[in-house]
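Chains as they are written, first to last, in my numbering: chain A, 1 to 238; chain B, 1 to 238.
Read through the structure below, which is laid out as structure tokens, and then see the notes.
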């Protein structure tokens with residue numbers, strides 16, 4: 001699956017197939033339990049539904065204002081059922097944030113591996129970043145972050161973030177070396193780009209005027225060209 | 001006091017004058033208590049020290065990981081002493097965030113009142129924004145935000161933020177009308193500028209390489225002109 005499909009697909013699950021056969025008559029030789037691999041798959045679908053619902057609630061209400069009871073209620077299950085899929089609220093947040101950062105990291109890795117000019121790679125990476133922060137898990141990275149987590153988990157997530165920042169800095173350095181980007185402090189420029197793109201995860205509303213693609217298009221354009229009106233450029237004969 | 005001085009001065013306190021006379025001999029007619037206005041002033045200095053220390057701890061460790069005991073310990077006082085100045089942790093956060101947003105709002109108000117071209121006003125407002133988020137209280141707005149607070153307080157702070165966003169949108173609209181800014185969706189552009197500038201409050205370290213002024217200079221330049229290398233502009237004879 002390409003990373004672009006992955007960015008769009010994060011948090012969407014395979015259509016749930018009917019777990020019960022249409023006929024309730026069980027042939028003598030058949031077991032009423034599904035095969036182990038099918039049960040594992042169903043379990044994973046449910047675990048992802050727990051994480052996704054939790055992420056949505058965290059993003060709507062905040063981490064501390066969301067209880068496991070709230071998550072269970074929205075999923076129409078009891079709280080003990082949740083414990084079959086997750087240990088506690090901290091672990092849910094960790095998994096949500098980690099999933100988004102892993103997706104970003106692997107997307108950027110794919111872009112880097114595919115090669116091309118630094119500016120084209122930078123644009124592609126900005127699009128991945130913008131796409132992830134408009135998804136439930138990515139929004140969690142921006143709206144909640146690692147702050148509520150205990151120190152060792154905080155460190156793990158910060159290491160992932162630093163890796164993503166490193167990719168942006170290197171791409172900016174390469175872009176300057178190639179002459180496509182204006183000379184700048186790559187650290188500062190990477191922070192400004194990541195800041196503007198991260199903020200999308202704060203203000204984006206799925207029911208708002210702009211789609212994630214429109215936001216990415218306009219946002220990247222603003223960051224590349226700035227808000228100033230450009231002076232007319234000199235047209236040279238070919 | 002100009003807003004620029006205010007932005008720099010936020011959280012700094014008047015040099016503490018010696019509360020005790022040099023001689024311990026109290027003249028017969030003098031009271032060992034200070035006059036009421038002096039006591040009120042001293043109380044305000046101490047209240048601000050509580051808020052500032054709390055903001056620093058929130059920014060370092062997170063809101064939930066900071067206890068009133070931690071704040072008292074750093075100030076070398078007992079927790080009961082704190083209650084003379086503040087009610088609880090929520091109220092501290094509210095006051096820290098509100099102070100930063102009020103300062104931003106009044107700074108932007110001064111810029112608007114002074115008038116001038118939209119682009120110059122926009123630059124001045126971006127500088128105020130960037131300055132506030134590198135201060136303890138402003139960092140609190142970005143790193144902690146209103147999320148831990150109960151709903152009515154959240155709403156109050158969101159109203160203040162919306163006011164600041166509104167100023168940016170109007171300035172961008174005016175800048176486009178004046179021809180200084182490229183045509184854009186002012187809402188989107190305001191979000192991108194505010195996002196990049198807000199993010200400064202996340203990564204800025206007082207002991208880092210760049211001063212708040214250098215960050216403002218470079219950050220505003222990047223947002224105005226974009227990261228792309230500009231094509232050589234046509235030089236027309238005067």
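Every residue, glycine too, gets a C-beta built ideally from N, C-alpha and C.
Check	Outcome
Using the beta-carbon count (16 or more within 10 Å), is residue 21 of chain A buried or exposed?	Residue placement at residue 21 of chain A is poorly supported in this model, since its pLDDT is 47, which falls under 50; the coordinates still yield a value, given next. With fewer than 16 other Cβ atoms within 10 Å, it is exposed.
What residues in its chain sit with their C-beta under 7 Å from that of residue 202 of chain A, if we drop five residues either side in the sequence?	142 and 143
Please say whether residue 91 of chain B and residue 163 of chain B have beta carbons closer to each other than 8 Å?	no
Determine which residues share a DSSP beta bridge with residue 239 of chain B and list them.	The structure shown does not extend to residue 239 of chain B, since chain B is modelled only from 1 through 238, so no value can be given for it.
Please decide whether residue 21 of chain B counts as near chain A, where near means a Cβ-Cβ distance under 8 Å.	Below a pLDDT of 50, predicted positions are generally treated as unreliable, and residue 21 of chain B, at 47, falls in that range; no measurement from the model is reported.
Which runs of the alpha helix (DSSP H) spanning at least 4 residues fall entirely within the region 126-170 of chain B, listed in chain order?	136-143
Excluding the 5 residues preceding and the 5 following residue 54 of chain B in the sequence, name in chain order all residues of the same chain whose CB lies nearer than 6 Å to its CB.	71 and 92
Run through DSSP, which three-state label would residue 203 of chain B get?	helix
What is the DSSP secondary structure of residue 97 of chain A, counted as helix, strand or coil?	helix
Using the three-state DSSP reduction, which class does residue 221 of chain A fall into: helix, strand or coil?	helix
Entirely within the region 40-83 of chain B and at least 3 residues each: give me those beta strand (DSSP E) ranges in chain order.	none
Candidates B:173, B:178 and B:200: which alpha carbon is nearest residue 188 of chain B's?	B:173
Check residue 116 of chain A in the structure and name its three-state DSSP category.	coil
Give a yes or no on whether 8 Å exceeds the smallest Cβ distance from residue 109 of chain A to chain B.	no
Check residue 208 of chain B in the structure and name its three-state DSSP category.	coil
Can you pull the chain B neighbours of residue 147 of chain A, defined as C-beta to C-beta under 7 Å?	62
In chain B, which residues lie with their C-beta within 9 Å of the C-beta of residue 224 of chain A?	226, 227 and 228
Are three or more beta carbon pairs between the region 126-137 of chain A and the region 212-220 of chain A nearer than 8 Å?	yes
With DSSP run on the structure shown, which of helix, strand or coil describes residue 172 of chain B?	helix
Let me confirm a value: residue 30 of chain A is counted as buried when at least 16 other C-beta atoms fall within 10 Å, else exposed. Which label applies?	exposed
Taking residue 135 of chain B as the query, report the chain A residues whose CB atoms sit under 9 Å from its CB, ordered along the chain.	Here the premise fails: no neighbours, minimum Cβ distance about 17 Å.
What number of angstroms, rounded off, separates the C-alpha of residue 101 of chain B from the C-alpha of residue 195 of chain B?	15 Å
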